[in-house]
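*Asks:* In full-length UniProt numbering, the protein residues as written are 1 to 427. I'd like to ask some things about the structure below.
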Amino acid sequence: MLTRTYSNLRHRFLGGAIRKITRTLSTKDAESVNVSFANRADLQLSSTEFAQFADGCGLARLGDTSVMVTVVSKTKPSSSNFMPLTVDYRQKAAAAGRIPTNYHRRDSAPSEHEILTTLSLSDVPWNGPVGAVRVGMLGNELIVNPTRREMADSSLNLVVTAMNQNLVVMLESAAKNVLQQEFLKAIKFGVRECQKIIQAISQLQKHHSKPKRTFTALNLDESLMNGVRSLSEMRLKEIFQNTTHDKLSRDDAVKVLRNDVLEKMRAETENFNEYNAGEAFSTICKQIFRDLILDNEIRCDGRSLTQLRNISAKVDLFKPLHGSAFFQRGQTQVMCTVSLDSQNSVLHVDPISMLTSGLKEKNFFLHYEFPPFAVKEVGRIGPVQRREIGHGALAEKGIRPVVPSDYPFTIRLTSEVLQSNGWHKNR
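Next up, the structure:
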């Protein structure tokens, strides 16, 4: 999915109290839905004559801000064992009448945002539409899609993404000591506002969406499932109930069993399909793992459902540094450092992001690193990955409220994962 923004970038975010929904038809046969906001500029969602080779293309306008969204999907199924979805958001300098400040004066790497409206106009089947709003809190008042000035005084910065029937899809938040009941109230408020955006998208979808393409979901043959289960069930239970295993030994045992099962199935099955057999093994493995926990209320490492992994921490490990700490929880380890410097070392925000965030520079920032050796992999350490950027931003949000706003130094925190008993790029 690709989005582009054309704007003065100073208007409020999408959302708000909808007073009315109207439909119009332009001379270009592009149907639109107008959404009016209380005391705010109207939002217009429309199909468009642009990018007609894409599976779907939509245009959103709010005041002088315009966002074009396209979506493209392959028609053939993918054998990948991960969700093959990429969201690419481009906020071009030219859209704001600016020239890039880098050496080549060209737009470089994209920023990361989620744009979802276009899926409703494409022929790609999905369970949308989805609406998203930002919720702020000024005093005891909740406000939807606050301006930058309002956000500067807000004690809450909450993004809510929701579907029909008040179903929550995603939450992301930063807050300054907001009470739990107030936070829950803000979530409900955001979900209600999302429903109004969803209604507008649905209106557009009714009159201008493409017929959804049909697809055949992977349906594993019952005889294949039974054959894989008979070869693997007892041994999987033994592996998952053996509490002497750690992450590596357990993963190795499952991998050996998987290869053994596939070899036997290959020898015994006519027209053997290795991909389907592998999917059958993965499905059975997940079922057994889940059933053992729910039936016995004991996790694979011997802990009960309410028992936490052992936690330990050490500080001041390296004397030359301004600060250092080592954290371990179970088999997950993180090394953290802190560096202090003058205000000359502040992190300068690029001019385009400055227009949307209102932030010119940062004197407090956190950088998160997840090298491949943390999960016993051989990999190339190159540019910062999207996952690392996202995790670092979340951790920074959790600490920033306790850092004095008038702190006279620049603070850089680093958080490097040394080993991880959780995430794995192939799972």
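For each residue, glycine too, the CB sits at the ideal point set by N, CA and C. Computed from a prediction, not measured in an experiment: that's the story for all the values here.
#1: Would you report the Cα separation of residue 490 and R148, rounded to the nearest angstrom?
#2: Mapping DSSP to helix, strand and coil, what is E193?
#3: Would you decide whether G398 is buried or exposed? Buried here means 16 or more other CB atoms lie within 10 Å of its CB.
#4: Which full runs of the beta strand (DSSP E) of 3+ residues lie inside the UniProt domain "Exoribonuclease phosphorolytic" (307-422), going along the chain?
#5: Assess contact between the region 367-387 and the region 278-291, defined as three or more Cβ pairs (one per stretch) separated by less than 8 Å. Is contact present?
#6: Have a look at V72 and G56 and give me their C-alpha separation to the nearest angstrom.
#7: List the endpoints of the continuous alpha helix (DSSP H) containing A152.
#8: Using the beta-carbon count (16 or more within 10 Å), is N363 buried or exposed?
#9: Since A60 sits in a beta bridge, which residues does DSSP pair it with?
#10: Using 8 Å as the threshold, is the region 153-163 in touch with the region 130-137, meaning 3 or more CB pairs across them?
#11: Report, in whole angstroms, the separation of the C-beta atoms of T337 and D301, which I expect to be a contact under 8 Å.
#12: Between which two residues does the beta strand (DSSP E) carrying residue 432 extend?
#13: Determine the contact status of S368 and G330, defining contact as a CB-CB distance below 8 Å.
#14: If I measure Cβ to Cβ from M225 and keep anything under 6 Å in the same chain, skipping five residues before and after, which residues do I get?
#15: Is L85 helix, strand or coil by DSSP?
#16: Report, in whole angstroms, the separation of the C-beta atoms of N276 and L231, which I expect to be a contact under 8 Å.
#17: For E182 versus V144, is the C-beta spacing smaller than 8 Å?
#18: Quick one: residues in its chain with C-beta nearer than 7 Å to the C-beta of K237, no 5 flanking neighbours on either side, listed in chain order?
#19: Have a look at T86 and Q195 and give me their C-alpha separation to the nearest angstrom.
#20: Do you know offhand how far G323's Cα is from V403's?
#21: Is Q205 buried or exposed, if buried means 16 or more other CB atoms sit within 10 Å of its CB?
#22: How about L418 and M335: do their beta carbons lie closer than 8 Å?
#23: CA-CA distance, F318 and S173?
#24: Going by other Cβ atoms of all chains shown within 10 Å of its Cβ, with 16 needed for buried, is T22 buried or exposed?
#25: Please report the residue range of the beta strand (DSSP E) in which G131 lies.
#26: Measure the alpha-carbon distance for I389 versus S223 and round it to whole angstroms.
#27: Please tell me whether I239 and R250 are closer than 8 Å, where the distance is taken between their beta carbons.
#28: Since S312 contacts Q328 with CB under 8 Å, what's their CB separation in whole angstroms?
#29: In the DSSP assignment, the alpha helix (DSSP H) including V159 goes from what residue to what residue?
#30: Mark F370 as exposed unless 16 or more other C-beta atoms lie within 10 angstroms of its C-beta, in which case mark it buried.
#31: Give the single residue among F326, L308, L184, S66 whose Cα lies nearest to the Cα of V315.
#32: From this set, M163, N140, N164, R299, which residue's C-alpha is nearest S154's C-alpha?
#33: Around the Cβ of K286, are there at least 16 other Cβ atoms within 10 angstroms (buried) or fewer (exposed)?
#34: Quick one: residues in its chain with C-beta nearer than 8 Å to the C-beta of F409, no 5 flanking neighbours on either side, listed in chain order?
#35: If you run the structure through DSSP and keep just helix, strand and coil, what is R266?
#36: State yes or no: is the C-beta of S66 within less than 8 Å of the C-beta of S46?
*Replies:* Checking against the coordinates, here is how it stands:
#1: A question about residue 490 goes unanswered here, because the residues of the chain that appear run from 1 up to 427.
#2: helix
#3: exposed
#4: 311-315, 323-329, 332-341, 364-369, 410-419
#5: no
#6: 7 Å
#7: 148-153
#8: Its Cβ being crowded by 16 or more others within 10 Å, N363 is buried.
#9: As computed with DSSP, A60 is found in a beta bridge with L45, V67.
#10: yes
#11: Actually they do not touch by this definition, with Cβ atoms about 30 Å apart.
#12: Summary: the structure shown does not reach residue 432, with the chain confined to residues 1 through 427, and so no result is reported for it.
#13: Contrary to the premise, residue 368 reads as Tyr rather than Ser in this sequence. No, Cβ-Cβ distance for Y368 and G330 is not below 8 Å.
#14: A280
#15: In the displayed model, L85 falls within coil according to three-state DSSP, outside both helix and strand.
#16: Not a contact, Cβ separation roughly 15 Å.
#17: No, Cβ-Cβ distance for E182 and V144 is not below 8 Å.
#18: I288, L292
#19: 25 Å
#20: 15 Å
#21: buried
#22: In this structure, L418 lies near M335, with their beta-carbon atoms less than 8 Å apart.
#23: 33 Å
#24: With a pLDDT of 37 at T22, under the threshold of 50, the modelled position of this residue cannot be trusted; read the value that follows with caution. Exposed is the call here.
#25: 131-138
#26: Answer to the nearest angstrom: the Cα atoms are 45 Å apart.
#27: yes
#28: 5 Å
#29: First-last for V159: 156-162, but that is the beta strand (DSSP E), not the alpha helix (DSSP H).
#30: buried
#31: Out of F326, L308, L184, S66, the CA that lies nearest to the CA of V315 is found in F326.
#32: Comparing Cα positions, the closest option is N140.
#33: exposed
#34: L340, D341, S342, Q343, N363
#35: Helix, per DSSP.
#36: no
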